[in-house]
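Below you'll find the structure, written out as structure tokens, and then a few comments.
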Amino acid sequence: MLRPIGNFFSKNRNYIPVLATAFLALAAYGIGAYFFVGMRNPQVFFNLFRNSSFLLISGIGMTLVILTGGIDLSVSGVVALTTVTSAVLLREGWNPWGVILLVLAMGMTLGTIMGSFIVYLKVQPFIATLAGMWFARGMCFFISDNVVAIDDRIFQILGKTKILIPGLTELAIKQGNPAPYISIPVVVAFALLIIVIYVAHYTRLGRTIYAIGGNEGRNEQSARLMGLPVERTKMFVYTFNGFCSALAGLSFSLFVASGHGLYASGFELDVIASVVMGGTMLTGGAGYVFGTFFGVLVLAVTQALIQFIGTLSSWWTKIVIGVLTLVFIGVQTILANRKEGRQVTHALSPVRYRQRIIAFGMAALALIGIVFFSRFGSASQTETTANASCEIKPFREAEVARLITEGAAIVYNRTAGPQCVDELFAIYPDGRVTGNDGVNSVEQKVDPVEVEQALVQISDEYQWFTDAIYGRYLTPCRQCFAHYVSISYQGQEKTVSQVDGTASMPAGYTLTLAVIRSLLPEINPAP
Amino acid sequence: MRKSTQRSFTWRSITQSRLFFPLVALSLILLFDFIFIPGFFSIENRGGNLHGSLIDIFRNGSTVMLLAIGMTLVIATGGVDLSVGATMAIAASVAGILMNPSALRNEVFFVTDPTYTFQPLWVVIVSALLISILCGAWNGVLVAYMRIQPMVATLILMISGRGIAQLITNGLRVQITYKPYAFIGQGWIILPFSLYIVAFLFILTWFLTRKTAIGMFIESVGINFRSSYFSGIDEKKIKLLVYTFCGFCAGIAGLVASSNVRTSDASNIGLTTELDAILAVVIGGTAMSGGRFSLLASMIGALVMQAITQSMYAIGVPAFALQAIKAVVVIFVILLFSEQVRNFVQRISTRKKEV
Numbered sequence: 002m003l004r005p006i007g008n009f010f011s012k013n014r015n016y017i018p019v020l021a022t023a024f025l026a027l028a029a030y031g032i033g034a035y036f037f038v039g040m041r042n043p044q045v046f047f048n049l050f051r052n053s054s055f056l057l058i059s060g061i062g063m064t065l066v067i068l069t070g071g072i073d074l075s076v077s078g079v080v081a082l083t084t085v086t087s088a089v090l091l092r093e094g095w096n097p098w099g100v101i102l103l104v105l106a107m108g109m110t111l112g113t114i115m116g117s118f119i120v121y122l123k124v125q126p127f128i129a130t131l132a133g134m135w136f137a138r139g140m141c142f143f144i145s146d147n148v149v150a151i152d153d154r155i156f157q158i159l160g161k162t163k164i165l166i167p168g169l170t171e172l173a174i175k176q177g178n179p180a181p182y183i184s185i186p187v188v189v190a191f192a193l194l195i196i197v198i199y200v201a202h203y204t205r206l207g208r209t210i211y212a213i214g215g216n217e218g219r220n221e222q223s224a225r226l227m228g229l230p231v232e233r234t235k236m237f238v239y240t241f242n243g244f245c246s247a248l249a250g251l252s253f254s255l256f257v258a259s260g261h262g263l264y265a266s267g268f269e270l271d272v273i274a275s276v277v278m279g280g281t282m283l284t285g286g287a288g289y290v291f292g293t294f295f296g297v298l299v300l301a302v303t304q305a306l307i308q309f310i311g312t313l314s315s316w317w318t319k320i321v322i323g324v325l326t327l328v329f330i331g332v333q334t335i336l337a338n339r340k341e342g343r344q345v346t347h348a349l350s351p352v353r354y355r356q357r358i359i360a361f362g363m364a365a366l367a368l369i370g371i372v373f374f375s376r377f378g379s380a381s382q383t384e385t386t387a388n389a390s391c392e393i394k395p396f397r398e399a400e401v402a403r404l405i406t407e408g409a410a411i412v413y414n415r416t417a418g419p420q421c422v423d424e425l426f427a428i429y430p431d432g433r434v435t436g437n438d439g440v441n442s443v444e445q446k447v448d449p450v451e452v453e454q455a456l457v458q459i460s461d462e463y464q465w466f467t468d469a470i471y472g473r474y475l476t477p478c479r480q481c482f483a484h485y486v487s488i489s490y491q492g493q494e495k496t497v498s499q500v501d502g503t504a505s506m507p508a509g510y511t512l513t514l515a516v517i518r519s520l521l522p523e524i525n526p527a528p
Numbered sequence: 020m021r022k023s024t025q026r027s028f029t030w031r032s033i034t035q036s037r038l039f040f041p042l043v044a045l046s047l048i049l050l051f052d053f054i055f056i057p058g059f060f061s062i063e064n065r066g067g068n069l070h071g072s073l074i075d076i077f078r079n080g081s082t083v084m085l086l087a088i089g090m091t092l093v094i095a096t097g098g099v100d101l102s103v104g105a106t107m108a109i110a111a112s113v114a115g116i117l118m119n120p121s122a123l124r125n126e127v128f129f130v131t132d133p134t135y136t137f138q139p140l141w142v143v144i145v146s147a148l149l150i151s152i153l154c155g156a157w158n159g160v161l162v163a164y165m166r167i168q169p170m171v172a173t174l175i176l177m178i179s180g181r182g183i184a185q186l187i188t189n190g191l192r193v194q195i196t197y198k199p200y201a202f203i204g205q206g207w208i209i210l211p212f213s214l215y216i217v218a219f220l221f222i223l224t225w226f227l228t229r230k231t232a233i234g235m236f237i238e239s240v241g242i243n244f245r246s247s248y249f250s251g252i253d254e255k256k257i258k259l260l261v262y263t264f265c266g267f268c269a270g271i272a273g274l275v276a277s278s279n280v281r282t283s284d285a286s287n288i289g290l291t292t293e294l295d296a297i298l299a300v301v302i303g304g305t306a307m308s309g310g311r312f313s314l315l316a317s318m319i320g321a322l323v324m325q326a327i328t329q330s331m332y333a334i335g336v337p338a339f340a341l342q343a344i345k346a347v348v349v350i351f352v353i354l355l356f357s358e359q360v361r362n363f364v365q366r367i368s369t370r371k372k373e374v
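Here's what the structure looks like:
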């Protein structure tokens, strides 16, 4: 009975990594939906795409680069540069469509420059794109040091338009849920995916890309001898990836509605990991563009699961992604060795190879199981609180007012953010600082002089008590924090609430937060 | 023998020396500093210890120099280790948590007593180094025995290593107040103490690679691992050795870096230093494809990187914007090394002869 299955797998060996990834993504989502009621909401599923549209866009470009046997580390830098450039140009009052075209052209130019270094000057892709990343990130800070908010109308329309899913709307409303929707960047990402799948698998250009990267990237010479335009194709691939990075940057800036040079740090690793998980060989020449789609999905599901479990801290994402990357690379290596083994040595019989693959897969599954279920014991008990923990908590306005009347100079309430924190700090003129997040509390003593200095700075320099500081509450985006700050100084009292990014935050407010935060102790995350 | 070395000490032999180019780069940067930054070369004597911008280049560069020692050997075998930054963070986290384990108990607990430590210093250092050796060995096993591409194999630890480090410290920045530990990165015995560590490790490595056969084995593996295998060199063991050693160097660098800032910050220690270390080696003239290497040239490469940073700070370029300038310098340096440019220069010189 096993024989036909084995035959099927050995015939379609190339699809195994892709299938495994797709299976893993769906299985992980299924397990999550089984344990957490919240995950059964279709909107959570569509949010996976909304939250990772930029990852998918960038992954598509990266897949082509990796297929030619190269690598592009510059994506995160170009993404950050795109967010900063577009935010600053919009602040200067440029036409938003002009800005979009300009940043896309900028991304392509950067890609072309790096490509020409790699192709014509034979600089290693790794080094050339690394320098590209540094350059792009450095340029961000030449343009602007601070976070620049985007409040352009067109950008807000592009970022906030809800595209309903046909067929699901009535179903969801019948069940009492709001209609599930996706955003414009998701549609753009899918359109790009379809175009690139067509180009990679059904055009001459796509065949050339595979030919250059074949045989572990050593095929360039034979591709050239076959008369294929190696240089031109590689230039195209890097330029196209620059375009994808800029597009991902635009999608990212729509998502966070602001631009800053430190955004998306480490993003290139996520992109590479999802390409690898999608079954593309890092040595080049083998893999599928739609595999990257599933790789991105695995990453998104992992993040969603960790958010839903709630007791796992954010760094588990990194560890799980690392383990998954290892597993997929392991599978690839075994498959590659198997190919080689058949041709050259016959050292191990195919049966033993199959046994090996099965053993490896079992070990990998066991490892993932241990990682997840070692924590599930505690997770299932606190499931209700875990689900509630990622609802944004309202500001504790009454408590803040009480603390102010009790003599606190500054009361700072911070909620939302990726982990839905709910922290409340009170700073007293005598240097006492108290804080709690509803569960743990903390107390610290600072120099009263520092508190006095901070108050003077906030009221004089940042003009807290004037109209320059205004409040406007919007629902925080997934990564933004909401702040509620009440300050009482020399008989004046004022409370202002703001949300990172979504509203155009007055500069003085940001600086005030920075001054306040330097006085605060850290509350440990809940266990 | 002696005669021949004397005879070869000509202008041509100097320009062809591996040290020539990095030294020229370093002296160009120092010349720039000499002209544009007054007081850059002044060294003051504070209580018998030497302080000054030049000393700072050495002191702040010591982390990259430590990493470059290990990285040179790895690159000489034709590999690369991207995980050194993450390994630094892991070593620093282990050290931090062993001295101040309050983070594990999930309570904020600021130690202010400079003599307080949970474990004695030698336990702290030895266990941090053992963990980092383990990280290096893990990379070595993946590269040598699992036959995974070095860049990919070390990428795994680069991604997950920082997560592991945050797991160790429970995601907190562990403050280090223990005085003897702070001496590693902040102490001075006439010169900064970290420099002595660099010197010791450098001499040790130089001795091991140049006075025993290991250095030659490494080069031969880097040039052609298959033929080295057939000539009786166990290339797997050599690879395992260099990656393990690179992990060890990264561990020391992690200790120095964490003691320098007196905190063990899992998410920031060693961030992007792997790139600095790789570029230091590349500036030092060791080819990324492996083969011949020069430890001293890599050291000078590390100093070049640090000197750029230091002089940009001195003329007031903000820290983040510095990356753009670094990128331009790096591309410039790499281009000078590239075959195209060399061929171009050769063509010009031959043309001159014809004329």
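Taken in order, these protein sequences are the chains called A and B. Residue numbering for the first sequence follows my numbering, beginning at 2 and increasing consecutively. Residue numbering for the second sequence follows my numbering, beginning at 20 and increasing consecutively. Ideal Cβ placement from N, Cα and C applies to all residues, glycine included.
Report the partner residues of residue i according to the DSSP bridge assignment.
i, result
"D423 (chain A)", "A:T416"
"K446 (chain A)", "A:R433"
"W316 (chain A)", "According to DSSP, which records beta bridges pairwise, W316 (chain A) is partnered with nothing at all."
"G115 (chain B)", "None, per the DSSP bridge assignment."
"I411 (chain A)", "A:I428, A:I488"
"T282 (chain B)", "B:Q194"
"L69 (chain B)", "B:N64"
"K495 (chain A)", "A:I488"
"S330 (chain B)", "Paired residue(s): none; S330 (chain B) is not in a bridge."
"I183 (chain A)", "A:I164"
Can residue i and residue j be called in contact, C-beta distance under 8 Å?
i, j, result
"S146 (chain B)", "V193 (chain B)", "no"
"S72 (chain B)", "Q329 (chain B)", "yes"
"T84 (chain A)", "M107 (chain A)", "no"
"V301 (chain B)", "T96 (chain B)", "no"
"E424 (chain A)", "R415 (chain A)", "yes"
"I109 (chain B)", "I183 (chain B)", "yes"
"T82 (chain B)", "V275 (chain B)", "yes"
"G115 (chain B)", "G266 (chain B)", "no"
Identify, in the order they occur along the chain, each residue of the same chain with its Cβ nearer than 7 Å to the Cβ of residue i, setting aside the five sequence neighbours on each side.
i, result
"L105 (chain A)", "F244, A247, L248"
"V317 (chain A)", "The sequence given here places Trp at residue 317 (chain A); Val does not occur at that position. So the qualifying residues of the chain are I307."
"L298 (chain A)", "A26, L49"
Below 8 Å on the Cβ atoms is my contact criterion, and I expect residue i with residue j to pass it. Report the Cβ-Cβ distance as a whole number of Å.
i, j, result
"T106 (chain B)", "A269 (chain B)", "4 Å"
"S278 (chain B)", "R181 (chain B)", "19 Å between Cβ atoms; not a contact."
"V277 (chain A)", "T326 (chain A)", "6 Å"
"G99 (chain A)", "L255 (chain A)", "With a Cβ gap of about 16 Å, G99 (chain A) and L255 (chain A) do not count as contacting."
Would you identify the three-state DSSP class for residue i, choosing helix, strand or coil?
i, result
"I195 (chain A)", "helix"
"Y471 (chain A)", "coil"
"I208 (chain B)", "strand"
"I271 (chain B)", "helix"
"F482 (chain A)", "strand"
"A306 (chain B)", "coil"
"A258 (chain A)", "coil"
"A218 (chain B)", "helix"
"V149 (chain A)", "strand"
"S379 (chain A)", "Any reading at S379 (chain A) must be qualified, since the residue scores a pLDDT of 38, below 50, and its modelled position is unreliable; the value itself is stated next. Residue state, collapsed to three classes: helix."
"M165 (chain B)", "coil"
"V238 (chain A)", "helix"
Using C-beta distances below 8 Å, list every residue in its chain close to residue i, excluding the 5 sequence neighbours before and after it, in chain order.
i, result
"L45 (chain B)", "I319, L322, V323, A326"
Compute every distance between the C-beta of residue i and the non-hydrogen atoms of the ligand MN, then say whether any falls below 7 Å.
i, result
"A81 (chain A)", "The ligand MN is not part of the structure shown, which contains no ligands of any sort."
Excluding the 5 residues preceding and the 5 following residue i in the sequence, name in chain order all residues of the same chain whose CB lies nearer than 6 Å to its CB.
i, result
"S53 (chain A)", "V297, A301"
"E269 (chain A)", "L74, V76, S77"
"I376 (chain B)", "Given a span of 20 to 374 for chain B in the structure shown, any question on residue 376 (chain B) remains unanswerable."
"V19 (chain A)", "G280, Y289, G292"
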